[in-house]
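Participant:
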Amino acid sequence: MLDGGVDFLLSPEEQSIQQAAGFESALRAFIDWCLDQRDCRLEGGTENARRQIARIAEHARDEGYPSGAVMDVNGNLMVYGMVVTLYDEHSWEYLMYALNEVITRGTAQVFYELANFYLDRDARSGEYQGNSTIAFTAISCLDGEDEEWTIEQQREFARKAELASPTFGWWFSGAGSCAGWPWTAKEHVTSLESAKAADPILVVATTNDPATPYQWSVSLAEQLGASLLTYRGEGHTAYGRSNQCVTDAVDAYLVRGELPAQGAFC
Numbered sequence: 004m005l006d007g008g009v010d011f012l013l014s015p016e017e018q019s020i021q022q023a024a025g026f027e028s029a030l031r032a033f034i035d036w037c038l039d040q041r042d043c044r045l046e047g048g049t050e051n052a053r054r055q056i057a058r059i060a061e062h063a064r065d066e067g068y069p070s071g072a073v074m075d076v077n078g079n080l081m082v083y084g085m086v087v088t089l090y091d092e093h094s095w096e097y098l099m100y101a102l103n104e105v106i107t108r109g110t111a112q113v114f115y116e117l118a119n120f121y122l123d124r125d126a127r128s129g130e131y132q133g134n135s136t137i138a139f140t141a142i143s144c145l146d147g148e149d150e151e152w153t154i155e156q157q158r159e160f161a162r163k164a165e166l167a168s169p170t171f172g173w174w175f176s177g178a179g180s181c182a183g184w185p186w187t188a189k190e191h192v193t194s195l196e197s198a199k200a201a202d203p204i205l206v207v208a209t210t211n212d213p214a215t216p217y218q219w220s221v222s223l224a225e226q227l228g229a230s231l232l233t234y235r236g237e238g239h240t241a242y243g244r245s246n247q248c249v250t251d252a253v254d255a256y257l258v259r260g261e262l263p264a265q266g267a268f269c
């Protein structure tokens, strides 16, 4: 069972562009929710509030916000602090609190804590508690082909990232190329055709998953010859965090080997 799967046959550049669009979509869903909350300090309609958030991120990038710690919240930490809350709609309230702090006090202590949580880093010592940040780069660059980029290609990639995500595009525009990565894979997987001979596979997908966009799971299920179960909702992955419909369908597969109907929705 693959939940929130990656279509790793896409190039790292295509993955970054589609993920940028995914987080932009998730942010808009958060904004619509926030504007209905009594304590939300965002202003105007969805697009006006989005621009307000974009200005906050850009201010962090260009000047920074005091965090109450040794390190200010720069653009990188600000975006990490934002996107970590978009993995689960139950975390949206933390993004609201963090934005409220910036808007009303001009500080970003909550964003500092959120970013360190995402990065698995001790906020006081600055020491990393795990290697996930490095692992993401290592895995994606070994999955993809090593290609040298020109400045023109980088600029074109940045343009596409900003079109896909007006709020976060500038941040994703640095995540595309693996040029300069010093290791290469012994073997590159270019097809999943052989998986169709395996026992039945179940792919579970969330319609507004920001981290692994829905279309990745659709493509992955097709390539694997797998059944696709779709959760209509927000956040990254579905099993264990969405609804009883998904839980029952996945449990039936794991315990009794019963696949849900192809293309089922929950």
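Count the sequence shown with this note's numbering and you get residues 4 to 269, in order. For glycine and all other residues, C-beta sits at the position ideal for the given N, C-alpha and C.
Span of the alpha helix (DSSP H) holding residue 138?
Facilitator: Annotation: the continuous alpha helix (DSSP H) that includes residue 138 extends over 135-146.
Participant: Using a Cβ distance threshold of 8 Å, determine whether the region 42-49 contacts the region 186-195, with at least three qualifying pairs required.
Facilitator: These segments do not touch.
Participant: Please report the residue range of the alpha helix (DSSP H) in which residue 49 lies.
Facilitator: Where residue 49 is concerned, the enclosing alpha helix (DSSP H) stretches over 49-65.
Participant: Between the C-alpha atoms of residue 144 and residue 181, what's the straight-line distance to the nearest angstrom?
Facilitator: 6 Å
Participant: Whose C-alpha, out of 254, 260, 66 and 207, is nearest the C-alpha of residue 272?
Facilitator: Residue 272 is absent from the model: the chain starts at 4 and stops at 269.
Participant: Around the Cβ of residue 119, are there at least 16 other Cβ atoms within 10 angstroms (buried) or fewer (exposed)?
Facilitator: buried
Participant: Rounding to the nearest angstrom, what Cα-Cα distance links residue 15 and residue 151 in this structure?
Facilitator: If you draw a straight line from the Cα of residue 15 to the Cα of residue 151, it is about 13 Å long.
Participant: Taking the alpha-carbon positions, what's the residue 107 to residue 100 distance?
Facilitator: 10 Å
Participant: Taking the CB atoms as reference points, tell me whether residue 219 and residue 9 lie closer together than 8 Å.
Facilitator: yes
Participant: Grab me the residues of residue 168's own chain with a C-beta within less than 8 Å of its C-beta, minus the 5 sequence neighbours each way, in chain order.
Facilitator: 23, 24, 26, 27 and 175
Participant: Which whole-angstrom value describes the C-beta separation of residue 116 and residue 124, a residue pair presumed to lie in contact below a C-beta threshold of 8 Å?
Facilitator: In fact, because the Cβ distance is near 11 Å, the residues do not count as touching under 8 Å.
Participant: Note down the Cα distance separating residue 157 from residue 166, rounded to an integer number of angstroms.
Facilitator: 14 Å
Participant: Hey, residue 97 and residue 88: beta-carbon distance below 8 Å or not?
Facilitator: yes
Participant: If you draw a straight line from the alpha carbon of residue 248 to that of residue 73, how long is it in whole angstroms?
Facilitator: 46 Å
Participant: I'd like the span of the beta strand (DSSP E) that includes residue 234, first residue to last.
Facilitator: 230-237
Participant: Hey, is the region 30-38 in contact with the region 75-94, meaning 3+ C-beta pairs nearer than 8 Å?
Facilitator: yes
Participant: Between 95, 50 and 60, which has its C-alpha nearest residue 40's C-alpha?
Facilitator: When only C-alpha atoms are compared, the closest one is 95.
Participant: Is residue 211 buried or exposed, if buried means 16 or more other CB atoms sit within 10 Å of its CB?
Facilitator: Per the 10 Å Cβ criterion, buried.
Participant: Could you spell out the range, first to last residue, of the beta strand (DSSP E) harbouring residue 205?
Facilitator: 205-211
Participant: Please name the residue in 70, 265, 262 and 19 whose C-alpha comes closest to that of residue 140.
Facilitator: 19
Participant: Since residue 5 sits in a beta bridge, which residues does DSSP pair it with?
Facilitator: 206
Participant: Considering only the alpha carbon of each residue, which of 225, 70 and 237 lies closest to residue 90?
Facilitator: 237
Participant: How about residue 214 and residue 7: are their beta carbons less than 8 Å apart?
Facilitator: Cβ distance < 8 Å, so residue 214 and residue 7 count as in contact.
Participant: Can you check which of these residues, 216, 221, 195 and 227, is closest to residue 203 by C-alpha distance?
Facilitator: Of the candidates 216, 221, 195 and 227, the one whose C-alpha sits nearest the C-alpha of residue 203 is 227.
Participant: Compute the beta-carbon to beta-carbon distance between residue 170 and residue 60, rounded to the nearest angstrom, for a pair I have assumed lies under 8 Å.
Facilitator: 7 Å
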